[in-house]
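First comes the structure, then the notes that go with it.
Protein chains in written order, with the working numbering: chain A, 471 to 675; chain B, 471 to 675; chain C, 471 to 675; chain D, 471 to 675.
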């Protein structure tokens with residue numbers, strides 16, 4: 471297999487990319503000025519070295535020089551340390567920070583636990599979460615917010631986290647909460663599903 | 471203009487129907503057995519006579535013989551008369567009844583009040599709503615639920631109803647509530663808009 | 471079943487209309503001025519009487535008074551009677567006339583013959599087509615153009631018509647032709663399917 | 471700007487990629503085994519060195535060792551050297567080879583000439599094409615097939631190539647041809663545009 475084909479093969483493993491677009495990516499790189507394709511290669515090759523996983527929340531962040539091992543959010547003294555929001559992935563933090571309404575801390579679980587997948591997902595940081603919670607329960611933690619997608623995999627992941635924390639949380643006074651459900655922006659009643667209507671009604675206020 | 475063209479013109483005014491589909495409808499009728507096209511014509515011609523507007527909630531219902539002027543929901547003694555949900559249109563009631571979680575009464579406002587439309591919408595039954603509320607406040611009514619779409623027109627309609635009821639409701643002990651907002655079925659955090667995240671967070675529980 | 475439900479049921483049989491839109495149609499009619507819903511009913515009820523099938527091409531046209539039994543195209547002395555284009559349905563004629571490049575006559579077969587449907591389609595006017603062709607072969611007819619969709623059902627319909635005319639056409643000097651194939655407006659080579667490329671290449675010029 | 475952000479910025483310049491997907495690409499790379507992200511970087515960094523532009527048709531191909539400067543198609547003695555198909559980009563060749571119906575040679579122009587773009591496109595290999603044609607006219611070339619998209623930019627590019635070859639081709643006996651137009655796979659007459667119907671009719675056979 472030629473280098474071109476190998477590269478196309480790797481691009482096909484990018485999220486959401488099929489054979490045709492992978493091929494277009496390769497041609498895109500072929501038409502770049504050499505300095506640009508070189509920069510792209512360097513950034514990719516050094517990404518894992520220049521970006522580190524925060525030892526607290528586990529999200530990736532850029533080590534801009536310095537020797538810090540905690541990301542900007544975790545090391546920000548202004549954030550509310552009584553709240554810990556558990557999300558599936560880094561991108562979820564981006565969306566929540568964009569809304570500007572949450573000032574607590576995060577923990578990135580590293581994915582969801584698919585409902586139909588029997589085998590354990592070794593990339594999920596279940597133990598990491600348990601350790602963090604055990605540690606903080608003794609300190610300031612008062613609320614853990616489970617923030618997963620409203621779909622079967624998201625629900626299953628909530629169940630997984632509940633079990634994981636079943637020994638730590640119940641007697642600790644820490645509250646386990648869930649993002650509220652109801653009508654989201656743009657919802658029209660006529661097209662809303664029964665579950666959403668049910669949630670919208672029981673969360674009315 | 472031929473009768474065929476006139477009919478196509480009327481079909482073009484059906485909700486969501488363009489010129490091409492209107493034409494297809496006409497050809498569909500041309501290929502029906504004559505008894506079917508005759509039945510269709512009769513049902514349409516007599517619809518307004520056989521369907522009446524409920525004098526309480528204003529939704530359309532079939533007068534199946536009888537002399538009732540209230541629909542099956544309004545005349546059902548089991549429904550909870552302390553709750554009144556205000557919706558834009560009949561189809562919204564269909565969606566809510568399908569969810570099986572609401573047992574109160576309804577009022578069909580007859581549309582929404584577009585944010586950018588300066589002129590009054592004469593089809594909105596604002597006065598009808600006010601009269602019903604004034605009448606019931608003295609009786610059992612304890613909650614009015616505004617159930618409009620989560621979009622600018624829906625919000626504007628909520629503001630319109632609030633003003634409409636500003637003299638009646640505040641001193642009456644009746645609670646004005648709104649359908650809850652947050653993540654709807656299928657929502658993923660990564661793609662959720664800031665308002666939805668904000669609502670999901672403040673309605674967490 | 472109420473009249474409202476019966477009407478919704480009939481609307482659900484309109485081409486491309488599902489349960490929800492059928493319901494919207496009924497509510498649309500309920501909100502029309504009575505004169506409009508009455509006119510709609512009359513037009514539908516009288517459509518089959520005011521529109522007749524052309525005895526030559528079989529398309530529907532409006533009998534505007536008069537006693538004509540041929541449509542405007544078939545009775546137009548300027549049209550080229552040496553060409554006969556066979557199409558599946560009336561709407562195809564509308565599209566071809568819109569292009570303004572065909573001046574021959576038409577025959578509406580009344581549908582296509584689905585590839586996987588074993589049973590005969592009794593609405594197809596196969597015999598009618600054969601009679602017309604037999605009659606015209608003796609006169610001026612020199613070309614029959616089969617104009618069906620480029621999909622399996624369209625191809626199957628072409629085969630059906632070829633067999634149907636197998637006794638009449640071959641020795642008659644009449645040419646059986648097919649609409650040309652190749653790149654249609656908007657086609658990009660990169661996304662073209664192999665058959666289209668093959669046709670585009672063999673029809674190059 | 472952090473390295474992570476720089477990389478996201480570069481991914482946003484990939485064809486068809488927006489801000490959100492660019493970010494997902496970066497996270498995808500962060501979760502790759504280090505050997506994989508290293509391989510990806512190497513392949514990108516060395517792509518321009520391992521892939522060369524064919525000196526004849528100008529498409530990119532992998533130099534698999536060897537010192538060849540012509541791609542597999544151009545150096546294949548079985549291909550028909552009397553035909554030269556001019557395409558906009560490498561991907562078009564992929565589509566045409568997939569159809570398996572063309573056995574001539576190619577020339578990759580390097581893009582199209584947008585109708586509304588006044589300034590010359592310096593990446594178009596107009597001179598390269600002219601030289602190739604001048605050289606081959608004296609030899610075996612008998613047909614040049616212009617194979618651009620059926621849209622305004624494609625048409626404009628055909629005009630551009632015609633002018634470019636206006637001094638060479640007309641007196642040479644070489645035929646300038648164009649991919650055939652008409653109904654493409656899946657076309658239904660009812661939805662076909664007038665130009666496509668016109669082409670389908672004039673290319674009937």
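Beta carbons: idealized from backbone N, C-alpha and C, even for Gly.
In DSSP terms, what residue i is bridged to
i                      : result
residue 667 of chain D : Answer is none; residue 667 of chain D lacks a bridge partner.
residue 648 of chain B : B:616
residue 653 of chain C : D:651
Cβ neighbour criterion (16 or more within 10 Å) applied to residue i
i                      : result
residue 670 of chain C : buried
residue 465 of chain C : Look at the range of chain C in this structure, 471 to 675, and you will see that residue 465 of chain C is not part of it.
residue 599 of chain A : buried
residue 491 of chain A : buried
residue 586 of chain A : exposed
residue 555 of chain D : buried
residue 657 of chain B : buried
residue 593 of chain D : exposed
residue 570 of chain D : exposed
residue 505 of chain A : exposed
residue 672 of chain B : exposed
residue 537 of chain A : exposed
residue 597 of chain D : exposed
residue 475 of chain C : exposed
residue 619 of chain C : buried
residue 660 of chain C : buried
residue 636 of chain A : exposed
residue 650 of chain A : buried
residue 652 of chain C : buried
Sequence-distant residues of the same chain with beta carbon closer than 7 Å to residue i, five excluded per side
i                      : result
residue 595 of chain B : 528, 579 and 580
residue 664 of chain D : none
Sequence-distant residues of its chain with Cβ nearer than 8 Å to residue i (five each side left out)
i                      : result
residue 471 of chain D : 479
residue 510 of chain B : 499 and 502
residue 489 of chain C : 478 and 482
residue 612 of chain D : 552, 553, 643, 644 and 645
residue 610 of chain B : 551 and 552
residue 473 of chain D : none
residue 647 of chain A : 613, 614, 615 and 616
residue 487 of chain B : 481 and 495
residue 639 of chain C : 603, 607, 614 and 646
residue 625 of chain D : 585 and 618
residue 560 of chain A : 529, 530 and 578
Close beta carbons around residue i, own chain, < 6 Å, minus the five adjacent residues each side
i                      : result
residue 584 of chain D : 623
residue 521 of chain C : 530 and 532
residue 642 of chain C : 607
residue 493 of chain D : 478
residue 526 of chain D : 540 and 544
residue 495 of chain A : 481
residue 627 of chain A : 582, 583 and 618
Partner residues on chain G for residue i, Cβ-Cβ distance less than 9 Å
i                      : result
residue 493 of chain D : Included in the structure are the protein chains A, B, C and D, with no chain G among them.
Exercise. Could you tell me which uninterrupted alpha helix (DSSP H) segments, each at least 4 residues in length, are contained entirely in the stretch 514-578 of chain A, listed from first to last along the chain?
Key: Listed in chain order, the complete alpha helix (DSSP H) runs (minimum 4 residues) inside the stretch 514-578 of chain A are 560-569.
Practice problem: Tell me, please, whether the stretch 593-613 of chain D touches the stretch 539-548 of chain D by the rule of three or more beta-carbon pairs shorter than 8 Å. | Solution: Taking a cut-off of 8 Å for Cβ pairs, the stretch 593-613 of chain D and the stretch 539-548 of chain D do not touch, as fewer than three such pairs fall below it.
Quiz item: Taking contact to mean at least 3 C-beta pairs separated by less than 8 Å, is the stretch 499-516 of chain C in contact with the stretch 561-568 of chain C?
Solution: These segments do not touch.
Practice problem: Answer yes if the stretch 569-578 of chain B comes into contact with the stretch 625-633 of chain B, meaning at least three C-beta pairs across the two stretches below 8 Å, and no otherwise. | Solution: The stretch 625-633 of chain B and the stretch 569-578 of chain B do not touch, with fewer than 3 CB-CB distances between them shorter than 8 Å.
Quiz prompt | Runs of beta strand (DSSP E) lying entirely within the stretch 596-640 of chain D, each at least 3 residues, in chain order | solution = The qualifying runs are 613-617.
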